[in-house]
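What follows is a short report on a single structure.
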Amino acid sequence: MIKGLLELYRYRNLIKMLVTKELKARYRGTFLGFLWSFLNPLIAMLSYVLVFSVYMKVQMENYSVFLLSGFLPWTWFASSINEASKSILINGGLIKKIYMPTEIFPCVYVISNLINFLFSLPVLLLLILFLNLKINLSSLLFFPLLIIVQLLFTAGIAFFVSSMTVKFRDFVYVIPNIITIWYFLTPIMYPSTLIPEKFKLLLWLNPFALLSIAYQDILYYNRPPSMQNITATGILSLIILLFGLTIFNKLKGSFPEET
Amino acid sequence: MMSNVINIRGVSKKFRHGTSTSLKGFLLRDMWRKKKTPTPFWALKDINLSIKKGCTFGIIGQNGSGKSTLLKIIAGILRPDNGEVTVQGNISALIELGAGFHPEFTGRENIYINGMLLGLTKKGIDGKVDEIIEFTGLRDFIDEPIRTYSSGMYSKLGFSVAVNVNPDILLIDEVFAVGDEEFVHKCKGKMDEFKRNGKTIVIVTHDLTTVENWCDEVLWLDKGIARAAGEAGRTIENYRLAIYAKESNLVSSQGPKVVASNTEPPIPIEMTRNKKRYGSGEIMIVKCRMLSSDGVEKNRFEAGEAMSIEMFYHVNKPVSDIIFGISIWKGDGSICCYGTNTYLEGIKIPNAKDSGKVIFLIEETNFIEGVYLLTVSVHSKEGYTYDRHYQYYEFDVTSKVKDTGIYRPKHRWTFSKEAVNALIYRD
Chain A
1 MIKGLLELYR YRNLIKMLVT KELKARYRGT FLGFLWSFLN PLIAMLSYVL
51 VFSVYMKVQM ENYSVFLLSG FLPWTWFASS INEASKSILI NGGLIKKIYM
101 PTEIFPCVYV ISNLINFLFS LPVLLLLILF LNLKINLSSL LFFPLLIIVQ
151 LLFTAGIAFF VSSMTVKFRD FVYVIPNIIT IWYFLTPIMY PSTLIPEKFK
201 LLLWLNPFAL LSIAYQDILY YNRPPSMQNI TATGILSLII LLFGLTIFNK
251 LKGSFPEET
Chain B
260 MMSNVINIRG VSKKFRHGTS TSLKGFLLRD MWRKKKTPTP FWALKDINLS
310 IKKGCTFGII GQNGSGKSTL LKIIAGILRP DNGEVTVQGN ISALIELGAG
360 FHPEFTGREN IYINGMLLGL TKKGIDGKVD EIIEFTGLRD FIDEPIRTYS
410 SGMYSKLGFS VAVNVNPDIL LIDEVFAVGD EEFVHKCKGK MDEFKRNGKT
460 IVIVTHDLTT VENWCDEVLW LDKGIARAAG EAGRTIENYR LAIYAKESNL
510 VSSQGPKVVA SNTEPPIPIE MTRNKKRYGS GEIMIVKCRM LSSDGVEKNR
560 FEAGEAMSIE MFYHVNKPVS DIIFGISIWK GDGSICCYGT NTYLEGIKIP
610 NAKDSGKVIF LIEETNFIEG VYLLTVSVHS KEGYTYDRHY QYYEFDVTSK
660 VKDTGIYRPK HRWTFSKEAV NALIYRD
């Protein structure tokens, strides 16, 4: 496993190249090009605002900011997992023909979506400025920490799903469904305080819930997130990463034969 | 002092049939059973091999003999189930040209991606990119997305990157037949350069001629087992003999008894045949057929029978310089029995516009019994190929007489006592 990670470092140029390729390929040939990185979350946000703030008259100040502060990190996570789950299968042709550490492929999708996430942040920041809201600069210092925790967490699950889809093809269809259910169970479009007491267990079992609450604390509630929660999620993410890598390592020997 | 750069000790590889499980299958069956029982198929069994530095090494064998599997194990793509492989030096493996190309990116960008896949650093490619582009001969197109490339251009780009990675060990799997003659020539030149620089090359191929021309040593694989290894000439000879023996066994065990003949056993066409079609396409030969004297299309001729070869051509782009040529080869593609073209015979081509038909009439097929291959082509005086169907068509010649050679001059035997006497008295 350590060897695999060292090789990943040796191939960092390739990862960089593939991430660039992934980002460029995403919008190449489109008229608006990179603007889609801003437009996608903006359009999603507008529909949520229409449904929740206008139709359903949810009484929440600046709902758009609340929504985006959880929605943007979630998009990073969900797209990474959906794309990574197919990454080994899609690149089967390559894996059969060229020697390289296969860990590269899930990593590429996690990183390219991270960059996409970072590029979508200005939308949220502009919105905050536009609505004349305040952000506590000292709590903003927690932001990079959250990104690191989420990176470990996302990578761990990406390693797990990318290798499992090779063994069990059904996972290709199972994963998007799990992601959708997971999204509804995570306090992103609603605040965690709305969850009834007897369902609170579901919240604590959901590692992404704590992350999303922390993001909302920083960007919407303008307060420092709970350090205790971040630490817990951080440790859990490390365990998930180790678990994902172990499974990946067990299965990767058969990739050239089974993809 | 020659040292071994590749050492293979007791390597075996098995493939399991149907290992990829469905979730349903797993939940209903496999989870409850102690052992899974798909029968393993041994692609390689206990292979031992050492390849010296600077050696050009060929791996031969029929389809499914495990050649490519062995190459992938050397490349580190597949892991052996038993045994171990040690390799000294960096490897560039040409298992398939252009693996990892992205159609939306330009040729130049793909050179970078492909180079890195093959283990180069960005800096390393920066220093080489001009050389690579020069080698492709595609400088005018290099900044176009490669989805606009023809498949020939695609292969050229792939080959150029792979050979310019400058590895210590080059692994090649049947990737010689790319591009036009000029490019193939360039590639062979590059290979010569590799050999001169003392690099190690491992070639997997069906094409025994390539192996004969290039390799110092050869491994012969048969159903995953090493049948023989060693000096190229002898090993290839043994291989050929074994294939002939197998073929003639096959023939004699089937159907009517074959009359014993003193001619050579038939050469297995599929083993050595080098059928291909290429050209720039200004003029295309759209159809080619062989007819008997009464106009019936066929590909089995009695020796001495007339045969007309009809080529239907279509002009896509008018060119002034047109030469039609044909050649007839022995069935194994090794020897050209006869070749000619309209330029050599000083024949002016009448109006070659739109489309038309060229007939090449052989009044008597004076060949010995056997299988023959036909090449037809249309090209310019300088040898610029518009369209060539190389060893593309096959025909049989049957004969009651089992004579040998490659050509049967029209002949007869006469006997005259007188002549003999005259000779005797003269001496």
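Heads up: the sequence lines are chains A and B, in that order.
For the first sequence, the working numbering assigns the number 1 to the initial residue and increments by one for each residue that follows.
For the second sequence, the working numbering assigns the number 260 to the initial residue and increments by one for each residue that follows.
By construction, the Cβ of each residue, glycine as well, lies at the ideal position given by its N, Cα and C atoms.
Here the structure is a predicted model, which means the values were calculated and not measured.
Thinking just about the alpha-carbon of each residue, which of Val578/B, Thr464/B, Asn472/B is nearest to the one in Trp479/B?
-> Thr464/B
Return the residue from the list Met450/B, Thr407/B, Asp399/B, Phe400/B that minimises the CA-CA distance to Phe224/B.
-> Not covered by the structure: residue 224/B. The range shown for chain B is 260 to 686.
Applying a beta-carbon distance threshold of less than 9 Å, which residues of chain A neighbour Ile354/B?
-> Lys96, Lys97, Ile98
For Ile218/A, does the count of other Cβ atoms within 10 angstroms reach 16, so buried, or fall short, so exposed?
-> buried
State the DSSP-derived secondary structure class of Glu641/B, mapped to helix, strand or coil.
-> coil
Interface residues of chain A around Met375/B at Cβ under 7 Å?
-> Asn13, Leu14, Met17
C-beta neighbour in chain B for Glu257/A, strict 9 Å = yes
Short check: CB of Ser586/B to CB of Leu633/B, under 9 Å?
-> yes
Is Met189/A near Phe52/A, with beta carbons less than 9 Å apart?
-> yes
Selection from Val270/B, Ala488/B, Ser327/B, Gly664/B that minimises the alpha carbon distance to Glu257/A | Ser327/B
In the structure shown, what three-state DSSP assignment does Glu452/B receive?
-> helix
Tell me, please, which residues DSSP counts as bridged to Asn263/B.
-> Lys311/B
Any chain B beta carbon closer than 9 Å to Lys24/A | yes
DSSP three-state call for Glu653/B: helix, strand or coil?
-> strand
Tell me, please, whether the CB atom of Glu476/B is closer than 9 Å to any CB atom in chain A?
-> no
List the residues of chain A that Gly335/B touches, going by C-beta distances under 7 Å, in chain order.
-> Tyr99
Same chain only: Cβ atoms within 6 Å of Glu433/B, ignoring 5 sequence neighbours per side = Thr464
First through last residue of the beta strand (DSSP E) which encompasses Arg12/A | First-last for Arg12/A: 12–27, but that is the alpha helix (DSSP H), not the beta strand (DSSP E).
Determine the DSSP secondary structure at Ala611/B, reduced to helix, strand or coil.
-> coil
From the DSSP output, in three-state form, read off Asp481/B for me.
-> strand
With DSSP as the reference, label Cys107/A as helix, strand or coil.
-> helix
Boundaries (first-last residue) of the alpha helix (DSSP H) holding Leu201/A = 200–204
Taking DSSP as the reference, what is the three-state secondary structure of Gly269/B?
-> strand
Roughly how many whole angstroms lie between the Cα atoms of Tyr572/B and Leu5/A?
-> 59 Å
What is the DSSP secondary structure of Cys446/B, counted as helix, strand or coil?
-> helix
Report the three-state DSSP secondary structure of Asp305/B (helix, strand or coil).
-> strand
Flag Leu241/A as yes if its beta-carbon sits less than 9 Å from any beta-carbon of chain B, otherwise no.
-> no
Are there 16 or more other CB atoms within 10 angstroms of the CB of Lys640/B, so buried, or fewer, so exposed?
-> exposed
Nearest-angstrom Cα separation, counted from Ile247/A out to Trp473/B | 45 Å
Going by C-alpha distance, which of Asp389/B, Gly378/B, Tyr408/B, Gly320/B is nearest Pro362/B?
-> Tyr408/B
Could you list which residues in chain A have their beta carbon closer than 7 Å to that of Thr380/B, in chain order?
-> Asn13
Beta-carbon separation of Gly693/B and Gly457/B under 9 Å?
-> Nothing in the structure corresponds to residue 693/B, since chain B is present only between 260 and 686.
If you count every other CB in all the chains shown that lies within 10 Å of the CB of Gly598/B, and 16 or more means buried, which is it?
-> exposed
Which of helix, strand or coil does DSSP assign to Tyr221/A?
-> coil
Where Ser658/B sits in the DSSP three-state scheme | coil
Are the C-beta atoms of Lys331/B and some chain A residue less than 9 Å apart?
-> yes
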